[in-house]
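In this note's numbering, the protein residues as written are 19 to 66.
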């Protein structure tokens, strides 16, 4: 059995760029990733 958990939360972030024709990828500033303890290619959930 696999259980997915959320280990970090980035709250009240402003989106600065989006490509609606490219599904499945986002860009997060490296400093923000370090502060949130995220690593490259880690699965994230984006909610509004």
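Where is the CB? At the ideal position from N, CA and C, for every residue including glycine.
Next item on the list: Give me the Cβ distance between residue 54 and residue 33, rounded to the nearest whole Å; I'm assuming they're in contact under 8 Å.
Entry: Between residue 33 and residue 54 the Cβ distance is about 16 Å, and since that is not below 8 Å, they are no contact.
Next item on the list: Return the CA-CA distance between residue 66 and residue 59, expressed in angstroms with no decimal places.
Entry: 21 Å
Item checked: Beta-carbon separation (whole angstroms), residue 46 vs residue 56, contact threshold 8 Å -> 7 Å
Check: Does the Cβ-Cβ distance between residue 63 and residue 31 come in under 8 Å?
Finding: no
Notebook entry, point to check: Between 26, 21 and 41, which lies nearest to residue 50 when the distance is taken from Cα to Cα?
Noted result: 26
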